[in-house]
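Heads up, the sequence shown is in our numbering, so the first residue is 66 and it goes up one at a time.
Take a look at the structure below.
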Amino acid sequence: RIEHLESLKEGNHLQSQEMKTFGREVRNLASRIDRSDERYLTMKSELEKSHQVLCSALQRDLLSCQADLQKLQASLDEGKKESEVSFQAQAEQQEKYNLDLHERAVARMDEHREEFQLAQQRVHKELEQLR
């Protein structure tokens with residue numbers, strides 16, 4: 066009986082040791098889970114902050130691009146106006162030049178007509194004299 070009790074005592078001691086080891090492992094595992102949760106929450110918080118910073122930067126960039134686009138549109142409109150004014154001025158200058166050429170051509174034709182009429186009158190006079 067004593068042996069049996071001693072063997073039970075040893076068994077209880079082994080079970081107690083196993084329970085202590087198991088308890089230690091459970092505490093270690095719980096501690097690791099807690100640290101993992103803390104790391105997860107920290108990373109999540111950092112990710113949210115980073116997301117907010119990036120969104121703010123993107124919003125600033127979009128506003129800047131929009132302002133640049135408006136400036137570019139205004140510049141384009143101004144360039145169109147300047148081109149139209151320049152084209153109109155060139156067209157008017159070309160029209161004046163063409164009108165001047167036409168007037169000179171008409172003046173030369175009038176001169177040639179007068180010369181021709183004078184030459185024709187001379188020829189008629191000479192013909193009259195010859196008859």
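Think of the CB as a built atom: it goes at the ideal place given N, C-alpha and C, for glycine as much as any other residue.
Other residues of its chain near residue 120: CB distance less than 6 Å, five sequence neighbours each side excluded: For residue 120, where only same-chain residues beyond five positions count, there are no Cβ hits under 6 Å.
At which residues does the alpha helix (DSSP H) containing residue 125 begin and terminate? Unbroken alpha helix (DSSP H) run through residue 125: 67-195.
Do you know how far the Cα of residue 154 is from the Cα of residue 180? Roughly 39 Å between the two C-alpha positions.
Excluding the 5 residues flanking residue 172 on each side, which residues of the same chain have their C-beta closer than 6 Å to its C-beta? Here the set comprises nothing.
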